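Q:
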Amino acid sequence: MVDADQTFVIVGGGLAGAKAAETLRAEGFTGRVILICDERDHPYERPPLSKGYLLGKEERDSVFVHEPAWYAQNDIELHLGEPVDTIDRTAKTVRFGGDGTLVRYDKLLLATGAEPRRLDIPGTDLAGVHHLRRLAHAERLKGVLAALGRDNGHLVIAGAGWIGLEVAAAAREYGAEVTVIEHGPTPLHGVLGPELGNLFAELHREHGVRFHFGASLTEIVGQDGMVLAARTDDGEEHPAHDVLAAIGAAPRTGLAEAAGLEIADRAHGGGIAVDERLRTSDPDIHAAGDVAAFHHALFDTTLRVEHWANALNGGPAAARAMLGRDVTYDRVPYFFSDQFDLGMEYSGWAPPGSYDEVVIRGDAGKREFIAFWVKEGRVLAGMNVNVWDVTDPIQQLIRSKTQVNTESLADPHVPLESLVP
Numbered sequence: 181m182v183d184a185d186q187t188f189v190i191v192g193g194g195l196a197g198a199k200a201a202e203t204l205r206a207e208g209f210t211g212r213v214i215l216i217c218d219e220r221d222h223p224y225e226r227p228p229l230s231k232g233y234l235l236g237k238e239e240r241d242s243v244f245v246h247e248p249a250w251y252a253q254n255d256i257e258l259h260l261g262e263p264v265d266t267i268d269r270t271a272k273t274v275r276f277g278g279d280g281t282l283v284r285y286d287k288l289l290l291a292t293g294a295e296p297r298r299l300d301i302p303g304t305d306l307a308g309v310h311h312l313r314r315l316a317h318a319e320r321l322k323g324v325l326a327a328l329g330r331d332n333g334h335l336v337i338a339g340a341g342w343i344g345l346e347v348a349a350a351a352r353e354y355g356a357e358v359t360v361i362e363h364g365p366t367p368l369h370g371v372l373g374p375e376l377g378n379l380f381a382e383l384h385r386e387h388g389v390r391f392h393f394g395a396s397l398t399e400i401v402g403q404d405g406m407v408l409a410a411r412t413d414d415g416e417e418h419p420a421h422d423v424l425a426a427i428g429a430a431p432r433t434g435l436a437e438a439a440g441l442e443i444a445d446r447a448h449g450g451g452i453a454v455d456e457r458l459r460t461s462d463p464d465i466h467a468a469g470d471v472a473a474f475h476h477a478l479f480d481t482t483l484r485v486e487h488w489a490n491a492l493n494g495g496p497a498a499a500r501a502m503l504g505r506d507v508t509y510d511r512v513p514y515f516f517s518d519q520f521d522l523g524m525e526y527s528g529w530a531p532p533g534s535y536d537e538v539v540i541r542g543d544a545g546k547r548e549f550i551a552f553w554v555k556e557g558r559v560l561a562g563m564n565v566n567v568w569d570v571t572d573p574i575q576q577l578i579r580s581k582t583q584v585n586t587e588s589l590a591d592p593h594v595p596l597e598s599l600v601p
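As structure tokens, this is what we get:
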């Protein structure tokens, strides 16, 4: 079958899906490309939703992956606001949930992303309870933060992960009072461990953020539909006008599960199980982005990565694999964050318990340093804080799997490039 006779369907209108469609055309595919989005907005990028756009420093149009006209110009059949509710693997069709329209595919890419985890406590139906995942959420939250800042209002955030901390920083810049409730002992404990988690706690405290560690929300108290306070399981009550649930995201695997595709176990983050070519258990169906769980040869484990770079790179990799190209998806996980005057980039994978020590190069007190998570002399991950243009050598060190001298690793006078074999 020639390209022109084939139909490639992409379900999911985020960065991974949009970049996959772009790559199919860039690689010369001449068949039908159908991109199906359950949101009414054109495909957009998510980092600005908790960073520049939320702060009012970026315009709404800046979040979109392509100009709206790009899709028609590249013969991409774009369906907005039309969720898919069924995959029939035998007939090789997907069905729109709205009017039941069936679309046949030769290859299918699932880039359905993730959705915010919900608080399962009383009071979550109040008007002042928020999540942040979609553009509509960010638009609403932007107005809420501005109002809280004007009125000296209180925002309670459940969860001290990346989204929780970025929104906390934005809220303080608007002038709102902020309390963060976190069940762990530090912010970002599951990602950075206690050593670096404390650094972020200190940063936020310096800017007026209050933390309540070792506790979880048990109830949001309201009156006449409005939030008044948030209660925790240790008996504390915190004043609140609004509450943000930032307790993580769950992969949107329902469509894949109903179709009988293999799903990764929860210990590895759930998600649709894929191989190194991002193929699911059905060779004509691929998955990419937040929803895909792939075996990473470098770390010898199954990973599900929710960050921007994974969508940016995973979508094109899946597109090339759908075209029969020789693809091995083994990118080093990467993400970035901006909070107050701190900018950082993180490469690698080093959950607590996987490393022996954290090596610091630079001045952590001034928040200008690189941290390395090291096991038996091998660099598993690196985070540069207010130090730039070092991502490539950090990732090269991780990929090399070589043992490095930790004294040299900590010495800013030793070029990182010289440590890469």
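Numbering (our numbering), first residue to last: 181 to 601. Ideal Cβ placement from N, Cα and C applies to all residues, glycine included. Quick caveat: nothing in here was measured; it's all calculated off a predicted structure.
Mind checking whether residue 348 and residue 328 have CB atoms under 7 Å apart?
A: No, they are not a contact pair.
Q: Within the same chain, show all residues whose beta-carbon is closer than 6 Å to that of residue 213, passing over the 5 residues directly before and after it, in chain order.
A: Once the five neighbours on either side are set aside, the close Cβ partners of residue 213 are 188, 201, 204, 256.
Q: Alpha carbon to alpha carbon, how far is residue 500 from residue 489?
A: Answer to the nearest angstrom: the Cα atoms are 17 Å apart.
Q: If contact is defined by three or more beta carbon pairs under 8 Å, each pair taking one atom from either stretch, is the segment 581–591 in contact with the segment 540–550?
A: These segments touch.
Q: Buried or exposed: where does residue 451 fall if 16 or more other Cβ atoms within 10 Å of its Cβ makes it buried?
A: Label assigned to residue 451: buried.
Q: CA-CA distance, residue 225 and residue 280?
A: Using only the alpha carbons, I get a separation of about 29 Å.
Q: Please state the DSSP three-state secondary structure of residue 542.
A: Here residue 542 sits in strand by DSSP.
Q: Using the rule of at least 16 other Cβ atoms within 10 Å of the residue's Cβ for burial, across every protein chain shown, is residue 346 buried or exposed?
A: Its Cβ being crowded by 16 or more others within 10 Å, residue 346 is buried.
Q: Within 10 angstroms of the Cβ of residue 282, are there 16 or more other Cβ atoms? Answer buried if so, exposed if not.
A: Flag for residue 282 reads exposed.
Q: Return the chain-ordered ranges of every beta strand (DSSP E) run that is complete within the segment 195–233 and spans a minimum of 3 residues.
A: Whole beta strand (DSSP E) segments, 3+ residues: 212–216.
Q: Taking only runs that begin and end inside the segment 241–316, name each unbroken beta strand (DSSP E) of 3 or more residues, in chain order.
A: The segment 241–316 contains these whole beta strand (DSSP E) runs: 256–259, 264–268, 273–276, 282–284, 287–290, 294–296.
Q: Report the residue ranges of all alpha helix (DSSP H) runs contained in full by the segment 417–478; include only those spanning at least 4 residues, in chain order.
A: Entirely contained in the segment 417–478, the alpha helix (DSSP H) runs reaching 4 residues are, in chain order, 434–438.
Q: Measure the alpha-carbon distance for residue 145 versus residue 435 and round it to whole angstroms.
A: One cannot answer for residue 145 here, as it falls past the ends of the chain, which runs 181 to 601.
Q: In whole angstroms, what separates the C-alpha of residue 583 from that of residue 399?
A: The straight-line gap from Cα to Cα measures roughly 49 Å.
Q: Near residue 285, what residues of its chain come up, given a Cβ to Cβ distance below 6 Å and the 5 sequence neighbours on each side ignored?
A: Cβ neighbours of residue 285 beyond the five flanking positions: 187, 189, 272.
Q: Thinking C-alpha only, which one of 333, 231, 211 is nearest residue 350?
A: For residue 350, the nearest C-alpha among the options comes from 231.
Q: For residue 322, which residues does DSSP report across the bridge?
A: DSSP lists no partner for residue 322.
Q: Per the DSSP calculation, residue 585 is bridged to which residue(s)?
A: Residue 585 pairs with nothing; no bridge assigned.
Q: Do residue 495 and residue 199 have their CB atoms nearer than 7 Å?
A: Yes, Cβ-Cβ distance for residue 495 and residue 199 is below 7 Å.
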